[in-house]
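As C-alpha cells, the structure follows; a few thoughts come after it.
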Amino acid sequence: MKIKRFQIDLSLCKEKFGFTLAEVLITLGIIGVVAAITIPNLMTHLRNKKLESQFKKTYAELNIAARTFYAQEEASVHDADVVLNSGTSTDSTDVLRKFMSYYKSYTIPPYGRWKSFDNGKNIVQQNLGGVSVSNYPCDQTPVALDMVGRLYALDDTSTYHTYNSPDYGPKICVDTNGIDKPNKFGYDRFVFVFTANNAVVPYTGTSWNGLTNNKTDDTEIAQYCSYELGSDIPAFSCAHFALKNKSPDGNGTYWGNFLK
24 MKIKRFQIDL SLCKEKFGFT LAEVLITLGI IGVVAAITIP NLMTHLRNKK
74 LESQFKKTYA ELNIAARTFY AQEEASVHDA DVVLNSGTST DSTDVLRKFM
124 SYYKSYTIPP YGRWKSFDNG KNIVQQNLGG VSVSNYPCDQ TPVALDMVGR
174 LYALDDTSTY HTYNSPDYGP KICVDTNGID KPNKFGYDRF VFVFTANNAV
224 VPYTGTSWNG LTNNKTDDTE IAQYCSYELG SDIPAFSCAH FALKNKSPDG
274 NGTYWGNFLK
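For the sequence shown, the numbering used here begins at 24 and goes up steadily by one.
Written as C-alpha cells, this is what we have:
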C-alpha cells in the first residue's frame, strides 16, 4: 500500500505557520505597551465613575434630610440655625446634631474638629493638584459619620455672618466616601451650603473661610476649582461643576475629563 501521498512535510508547516522567538517577544512587547497605556486609563475611569456615583447619592440624601428637617421642624436648617445660635456664636454643633438626626443613624467620634479627625486617622487632606492643604472650610463642629461612613461638618453659624437676599448658611462639608482615599477637594471632599428655602446647594462664594453669597458666573466660580490652587486655598467650589458634570476649564465633562 502506498501512503507517501498522505505524508505531511513539517518543514513547510514551520515555514508557513511558525513564529520566531524575536517575533513572539515583539508581540508581547506591543501587548505590554498597550496594556501600560490602557489599564491606568481604565482604572482612572472606573475610580471616577465610583466617585461620581458617591457624589450624586450624597447630594440627593443631603437634600432629602433637609426637606425632612423642614417637614418635621417647620423651619429650614438655615432658619433653625438662626434661632439656635446668638449673634456672637460660631459653634454649629447643635445644628449639626439636629440635622444628622434625620439620617438613619450617625455618630460623632471623639476627635473634635475635622483637622483633628484627620490627624487622628493619619489622613492627609489634599487639594485638586495633590498638594496637602491644612485649611478646612467647615471647622466649627466635630465630624459626624453617617451609617455608611461618610463625613460631615458645619462651618460658622448663620448668625455670625451678614447676608443679602437670598439667605445662605451654614456651610456643610462632606467627604463622600469617608476615610477612604483620595481625601481630595473636588474628588471626594465637597462644600455645600444650606439655603432659606429648605435646600442644600453647592457653595460658590468667594471665600473658603467664612461665608459669602453664592456666585452664578462659571468663570468666577472656576477660580476656586482649579489645579493651580496651592496649600492655602482649598478647592471649595468644585461641587458646582461636579453636579453639572461640566469641566471648570470648559473642556468636556467634570467626571470624565477634568479629574485626573
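Even glycine gets a Cβ: it sits at the ideal position worked out from N, Cα and C.
Legend entry - Residue range of the alpha helix (DSSP H) that includes V100: Locating residue 100 in the sequence shown gives position 77, counting from the first residue. Annotation for V100: the continuous alpha helix (DSSP H) segment containing it runs 100-107.
Legend entry - Where A45 falls: helix, strand or coil (DSSP): Residue mapping note: residue 45 aligns to position 22 of the sequence shown, counting from 1. Secondary structure of A45 (DSSP, three-state): helix.
Legend entry - Among N86, A45, V154, F92, nearest to G319 - alpha-carbon criterion: Coverage of the chain is limited to positions 24 through 283, which leaves residue 319 absent and any answer about it impossible.
Legend entry - Cβ-Cβ distance between S115 and Q163 below 8 Å: To locate residue 115, count along the sequence shown from 1; it is residue 92. To locate residue 163, count along the sequence shown from 1; it is residue 140. Yes; because the gap between Cβ atoms is below 8 Å, this pair is in contact.
Inset, instruction - Could you pull the start and end residues of the beta strand (DSSP E) that K194 belongs to? - result: Here residue 194 refers to the residue found at position 171 of the sequence shown. Taken as a continuous stretch (DSSP letters only), the beta strand (DSSP E) holding K194 covers 191-198.
Legend entry - Paired residues, beta bridge with S155 - DSSP: Counting from one through the sequence shown, the residue named residue 155 turns up at place 132. Q149, per the DSSP bridge assignment.
Legend entry - DSSP state of K207 mapped onto helix, strand, coil: To locate residue 207, count along the sequence shown from 1; it is residue 184. K207: strand per DSSP, three-state reduction.
Legend entry - Straight-line gap, E84 to F78 (C-alpha atoms, nearest Å): As a working mapping, residue 84 is identified with position 61 in the sequence shown. As a working mapping, residue 78 is identified with position 55 in the sequence shown. Their Cα atoms are separated by approximately 10 Å.
Inset, instruction - Return the residue from the list K73, Y126, G233 that minimises the CA-CA distance to A89. - result: Walking along the sequence shown from the start, residue 89 turns up at place 66. Cα-wise, what sits closest to A89 is Y126.
Legend entry - Selected residue, minimal CA-CA separation from K238, among S260, L266, T227, T43: To locate residue 238, count along the sequence shown from 1; it is residue 215. For K238, the closest alpha carbon among the candidates S260, L266, T227, T43 is that of T227.
Legend entry - Per DSSP, the bridge partner or partners of V214: One-based indexing of the sequence shown puts residue 214 at position 191. For V214, DSSP records a beta bridge to C196.
Inset, instruction - Check whether the Cβ atoms of L151 and A222 sit closer than 8 Å, and answer yes or no. - result: Sequence index remark: in the sequence shown, residue 151 carries index 128 (1-based). Sequence index remark: in the sequence shown, residue 222 carries index 199 (1-based). In terms of Cβ geometry, L151 and A222 do not form a close pair [threshold 8 Å].
Legend entry - Start-to-end residues for the alpha helix (DSSP H) that takes in A245: Working through the sequence shown from its first residue, we reach residue 245 at position 222. First-last of the alpha helix (DSSP H) with A245: 241-245.
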